[in-house]
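K.L.:
Would you mind keeping the following structure in view while I ask a few things?
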Amino acid sequence: MNDLNSIQDCLVLINGVKIPCVGFGTWKLPDADSTVDLIKTAIDCGYRHIDTAFMYQNEKSVGKAIRTCGLSRSEIFVTSKLSNASHGYENTLKEFEQTMENLGIEYLDLYLIHWPRPLPVRETWKEANEGTWKAFEELYKAGKIKAIGVSNFMEHHLDALLDTANIAPMVNQLELHPRFVQRELVTYCKDRRMIVEAYSPLIRGDFDHPVLVEIAKKYNKSVAQVLLRWSIQQGFVPLPKASSKERILENADIFDFKLSDEDIEAMKVLEELGRTGSHPDTAPF
1 MNDLNSIQDC LVLINGVKIP CVGFGTWKLP DADSTVDLIK TAIDCGYRHI
51 DTAFMYQNEK SVGKAIRTCG LSRSEIFVTS KLSNASHGYE NTLKEFEQTM
101 ENLGIEYLDL YLIHWPRPLP VRETWKEANE GTWKAFEELY KAGKIKAIGV
151 SNFMEHHLDA LLDTANIAPM VNQLELHPRF VQRELVTYCK DRRMIVEAYS
201 PLIRGDFDHP VLVEIAKKYN KSVAQVLLRW SIQQGFVPLP KASSKERILE
251 NADIFDFKLS DEDIEAMKVL EELGRTGSHP DTAPF
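Numbering (UniProt numbering), first residue to last: 1 to 285.
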């Protein structure tokens with residue numbers, strides 16, 4: 001990852017599509033003018049990768065920001081995700097059209113299955129994902145999506161999908177941070193040339209651990225910057241969110257230092273704390 005010098009530098013997906021190495025997350029941002037302004041501020045600060053989802057209920061604001069930011073569509077990498085209520089072939093095609101109407105753009109750069117085994121299809125998740133992925137492949141081949149992938153998929157979810165897929169997922173978006181490293185799953189994905197994205201890379205603001213505080217002091221950086229730098233050095237694409245220009249700029253300023261092997265080792269003490277979100281097989285939604 002030594003060749004990454006800014007948030008606009010890219011990793012390359014297996015199909016050759018370039019994905020900016022840091023994204024701007026929009027989870028919990030409202031569908032409101034404030035979100036439009038915040039995303040445009042992020043773009044003004046250099047972000048070229050915006051991550052949303054149908055479940056976030058803010059696609060309209062995300063789309064408005066992208067359309068009115070002053071940059072051409074091709075300069076912004078846009079991700080959205082299929083909701084848990086719309087798994088299956090026909091439902092997927094229907095919701096994709098709604099997503100595109102919400103966003104008001106001509107194509108998606110990346111479309112993900114948000115959760116592998118949601119409540120609406122908990123007992124028939126394999127068949128539902130098979131139908132969904134068939135729709136994803138058709139949309140991809142039609143040029144409506146530049147890349148297709150998944151989110152929150154563990155090894156057994158991926159194994160089941162790959163049994164019937166013609167095109168393998170190009171991305172897996174996972175909860176990843178020093179508290180929750182998912183080493184075996186990350187290795188599984190990288191062995192299959194899936195780019196790994198890290199959501200909740202800032203551990204939802206849990207910055208008080210003394211090891212993180214000490215490392216941040218060492219580099220004269222914030223804990224948030226240390227966490228994002230960790231993500232970059234693991235080869236992940238972190239998706240931090242922020243609610244102020246100051247934080248947006250801070251989260252981008254992570255390319256002028258490098259964590260040492262000793263730092264990385266010291267941070268392993270956080271792993272006993274575990275995930276902050278839901279388990280993909282038992283998520284209550």
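For every residue, glycine included, the Cβ atom is placed at its ideal position computed from N, Cα and C.
None of these values were measured; they are calculated from a predicted model.
1) DSSP has residue 173 in a bridge; who is on the other side?
2) Just verifying my parser: in three-state terms, what is the DSSP assignment at residue 181?
3) Looking only at DSSP bridge pairs, what is residue 80 linked to?
4) In angstroms, rounded to a whole number, what distance separates the CA positions of residue 220 and residue 160?
5) I need the straight-line Cα distance from residue 23 to residue 165, nearest angstrom please.
6) Using DSSP bridges, identify the partner residues of residue 11.
7) Any idea which residues DSSP pairs residue 209 with across the strands?
8) Measuring straight from C-alpha to C-alpha, what distance separates residue 10 and residue 4?
9) Which whole-angstrom value describes the C-beta separation of residue 84 and residue 112, a residue pair presumed to lie in contact below a C-beta threshold of 8 angstroms?
10) What is the DSSP secondary structure of residue 270, counted as helix, strand or coil?
11) Do you know offhand how far residue 190's Cα is from residue 129's?
12) When you compare the stretch 31-44 with the stretch 236-250, are there three or more beta-carbon pairs, one atom per stretch, that lie closer than 8 angstroms?
13) Run through DSSP, which three-state label would residue 51 get?
14) Assuming residue 153 and residue 116 are in contact, meaning their beta carbons sit under 8 angstroms apart, how far apart are those beta carbons, in whole angstroms?
15) How about residue 21 and residue 232: do their beta carbons lie closer than 8 angstroms?
16) Roughly how many angstroms separate the alpha carbons of residue 285 and residue 157, rounded to a whole number?
17) What whole-angstrom Cβ distance do residue 288 and residue 195 have, given they're in contact under 8 angstroms?
18) Looking at the structure shown, is residue 240 part of a helix, part of a strand, or coil, going by DSSP?
19) Since residue 96 is in the alpha helix (DSSP H), which residue starts that stretch and which ends it?
20) Check residue 285 in the structure and name its three-state DSSP category.
21) Could you tell me whether the Cβ atoms of residue 169 and residue 149 are closer together than 8 angstroms?
22) Kindly list the residues whose CB is nearer than 6 angstroms to the CB of residue 147, restricted to its own chain and excluding five residues on each side of it in sequence; keep chain order.
23) Look at residue 274 and residue 180 and say whether their C-beta atoms are less than 8 angstroms apart.
24) Rounded to whole angstroms, what is the Cα-Cα separation between residue 67 and residue 138?
25) Residue 270: which of 222, 184, 71, 230 sits nearest, CA to CA?
26) Report back the beta-carbon spacing between residue 108 and residue 80 to the nearest angstrom; my notes put them in contact at under 8 angstroms.
27) Residue 92 and residue 135 look like a contact to me (Cβ under 8 angstroms); what is the Cβ gap, rounded to whole Å?
28) For residue 198, collect the residues of the same chain with a Cβ closer than 6 angstroms to its Cβ; drop the 5 residues on either side in sequence, then sort them by chain order.
29) Need the endpoints of the alpha helix (DSSP H) that residue 41 sits in, please.
P.N.:
Once the coordinates are examined:
1) 151, 197
2) coil
3) 111
4) 46 angstroms
5) 27 angstroms
6) 19
7) Note: residue 209 sits in no beta bridge, so no partner.
8) 8 angstroms
9) Their Cβ separation, rounded to whole angstroms, is 12 angstroms, which puts residue 84 and residue 112 out of contact at 8 angstroms.
10) helix
11) 21 angstroms
12) yes
13) strand
14) 5 angstroms
15) yes
16) 17 angstroms
17) For residue 288 there is no data in the structure shown, the boundaries of the chain being 1 and 285.
18) coil
19) 89-103
20) coil
21) yes
22) 13, 17, 110, 170
23) yes
24) 26 angstroms
25) 230
26) 6 angstroms
27) 4 angstroms
28) 176, 231, 236, 238
29) 33-44
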